[in-house]
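Novice:
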Amino acid sequence: MNKNLTSAVVIPARFASSRYPGKPLVPLLGKPMIIWVAELAEKAVGKENVYIATDDNRIKDIAEAKGFKVVMTGKALTGTDRIAEAAQQVNADIIVNVQGDEPLADPQDILNIISEKQACLDMVINGFCYLNESEDPRNINIPKVITTEDNKLIYMSRAALPGYKEATNAPTTYKKQVCIYAFTKEELKKYQDFGRKSELEHSEDIEILRFLELNVGIKMIETKPGSYAVDTPEDVAVVEAALTKAMSS
């Protein structure tokens, strides 16, 4: 493990989300979602090591008003491509992507993923947790994670995987992606240099699948349960309730 490597969190944020326009600025308990995410990243790595990557001045103005660093990018193909572009302006060895729609991510999970990356520099590190009883594995907004028994990624899908032939063989639980990732700058450059979405990435609309085309291994690290991403307007009430519960505990 190389603990001398420096780390920074870069949060991708675009205003023109196809499913939920303006999503980074949606208020959660009166605070823009992007600020919730930036503040939890700050708890993990310090404010000086948190960057918001965006192409929108509305997001830039709000982030800077709260004292966060902003890297302006072009119109990126994906959030990971935006991170790759922004990483060129960030002075750190390890770049951690914390998605801007994960306001319930745990700062300790960010630190755990950084620690695993320091130990596994030849693999991308990504988080997962198990679906809870209220989450439907058939929900296409939840990427399901298929791994080996030692948590190396095999595949990720919006379908309810793994499948089964006999009902008695059905999985007792499903793993879902938690959108915290750790990369080296070299891995991000390879990703961006691919120049397009891979066929599987395009079909599933899951960015991390491009790394499979690049023969870059992906190790999944279990995170704290209870993470909810804001994918649609209907998710806001669920996330606000979870935030309220977390603040009162």
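This note's numbering applies: residue 487 is where the sequence shown begins, and numbers increase by one.
Heads up, the beta-carbon is just placed ideally off N, CA and C, and yes, glycines get one too.
(1) Per DSSP, what are the beta-bridge partners of Ser-684 in this structure?
(2) Whole angstroms is fine: what's the gap from Ala-499's alpha carbon to Thr-654's?
(3) Between which two residues does the alpha helix (DSSP H) containing Ser-493 stretch?
(4) At which residues does the alpha helix (DSSP H) containing Gly-565 begin and terminate?
(5) For the pair the region 533 to 546 and the region 645 to 662, tell me if three or more CB-CB distances fall below 8 Å.
(6) Mind checking which residues open and close the alpha helix (DSSP H) that includes Tyr-677?
(7) Which of the three DSSP states, helix, strand or coil, is assigned to Ala-668?
(8) Which runs of the alpha helix (DSSP H) spanning at least 4 residues fall entirely within the region 587 to 644, listed in chain order?
(9) Pro-648 by DSSP, collapsed to three states: which one?
(10) Which of the three DSSP states, helix, strand or coil, is assigned to Pro-657?
(11) With respect to the alpha helix (DSSP H) encompassing Ile-520, which residues constitute its N-terminal and C-terminal limits?
(12) Let me make sure I understand the geometry here. Which of Asn-535, Glu-690, Phe-501, Ala-723 has the alpha-carbon closest to that of Ile-520?
(13) So for Thr-730, helix, strand or coil by DSSP?
Specialist: Put simply:
(1) Counting from 1 along the sequence shown, the entry for residue 684 is found at position 198. Answer by DSSP bridge pairing: none, since Ser-684 is not bridged.
(2) Residue mapping note: residue 499 aligns to position 13 of the sequence shown, counting from 1. Residue mapping note: residue 654 aligns to position 168 of the sequence shown, counting from 1. So the alpha carbons of these two residues sit roughly 43 Å apart.
(3) In the sequence shown, residue 493 corresponds to position 7, counting from 1. Premise fails: Ser-493 lies in the beta strand (DSSP E), 493 to 499, not in any alpha helix (DSSP H).
(4) One-based indexing of the sequence shown puts residue 565 at position 79. That run of the alpha helix (DSSP H) goes 565 to 573.
(5) no
(6) On the sequence shown, residue 677 is found 191 positions in, with the first residue counted as 1. Unbroken alpha helix (DSSP H) run through Tyr-677: 671 to 679.
(7) By 1-based counting over the sequence shown, the position of residue 668 is 182. Looking at Ala-668 - three-state DSSP - the assignment turns out to be strand.
(8) 593 to 605
(9) Taking the sequence shown and counting its residues from 1, one reaches residue 648 at position 162. If DSSP states are grouped into helix, strand and coil, Pro-648 belongs with coil.
(10) On the sequence shown, residue 657 is found 171 positions in, with the first residue counted as 1. Coil at Pro-657, not helix or strand.
(11) Along the sequence shown, one-based indexing puts residue 520 at 34. Here the alpha helix (DSSP H) through Ile-520 covers 519 to 531.
(12) Counted from its first residue, the sequence shown places residue 520 at position 34. The candidate whose alpha carbon is nearest that of Ile-520 is Phe-501.
(13) As a working mapping, residue 730 is identified with position 244 in the sequence shown. The answer is helix: DSSP assigns Thr-730 an H, G or I state.
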